Structure formats: structure tokens, C-alpha cells
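K.L.:
Sequential numbering from 629 applies to the sequence shown in this note's numbering.
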Amino acid sequence: MYLVSENGPSRLILCAGAGGYAAARIYETDGIYLPPEQQTPENVAVNIEAIKDGGAQEEFQSGGQQTMKFVGKAAAHFGVKIGG
Numbered sequence: 629m630y631l632v633s634e635n636g637p638s639r640l641i642l643c644a645g646a647g648g649y650a651a652a653r654i655y656e657t658d659g660i661y662l663p664p665e666q667q668t669p670e671n672v673a674v675n676i677e678a679i680k681d682g683g684a685q686e687e688f689q690s691g692g693q694q695t696m697k698f699v700g701k702a703a704a705h706f707g708v709k710i711g712g
């Protein structure tokens, strides 16, 4: 009931079991960019280790952050500067 109360936190996944409680966090790896002609299941398989690499993982606070990450990678590939 606490999570839905007036004082309950936003953006929290609460895990509970056998009297134990924890907060779950979801992180996303930095990933890679594949140009359109390379976006195949085979190329995903070839690059899976780079896709899974957690060295630059990040916890996003909003879905828009993921969108900007992917748009930024595509823009960099095509030599387009975005932002300030």
C-alpha cells in the first residue's frame, strides 16, 4: 500500500519476498549502431558481445534518454551534429 500512498515514491520497482525487500534498477548498455544495410540478425549475432558490454551502462530516468542515445549514435554515423 505504501507505493500507492500519497508519500509513495515514483519510479520504483519494489521487490519483496519472504520478508526481504529491495529496489530493482534497470540498466541499459551503451550498445552499438548498425547502418540500415547492416541491420540483420546475422550482424546482431556477430556484434552481440559489444551490444551486451556493460562498461558504459546507464540507468535512464525517462524513455526519452534512450531515444536520444540511439538518435545520437545514428547522427554520429552519418556525421550529423545534434544539440549545442
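Glycine included, C-beta positions come from ideal geometry on N, C-alpha and C. Predicted model only: the values in this text are computed from it and were never measured.
If I measure Cβ to Cβ from Gly-659 and keep anything under 7 Å in the same chain, skipping five residues before and after, which residues do I get?
P.N.:
Here residue 659 refers to the residue found at position 31 of the sequence shown. These residues qualify, in order along the chain: Ile-679.
K.L.:
With distance defined between alpha-carbon atoms, name the residue in Gly-707, Ala-684 and Phe-688 nearest to Thr-657.
P.N.:
To locate residue 657, count along the sequence shown from 1; it is residue 29. If we check each option's Cα against that of Thr-657, Ala-684 comes out closest.
K.L.:
Between Lys-697 and Gly-645, what straight-line distance do the alpha-carbon atoms span, to the nearest angstrom?
P.N.:
Residue 697 sits at position 69 when you count from the first residue of the sequence shown. Residue 645 sits at position 17 when you count from the first residue of the sequence shown. Taking the straight line joining both Cα atoms gives about 35 Å.
K.L.:
For Leu-642, name the three-state secondary structure that DSSP assigns.
P.N.:
For the purposes of this step, residue 642 is taken as the residue at position 14 of the sequence shown. Residue state, collapsed to three classes: strand.
K.L.:
Using only alpha-carbon positions, find the residue among Tyr-661, Tyr-655 and Thr-668 that is nearest to His-705.
P.N.:
Within the sequence shown, the letter at position 77 stands for residue 705. Among Tyr-661, Tyr-655 and Thr-668, the Cα nearest to that of His-705 is on Tyr-661.
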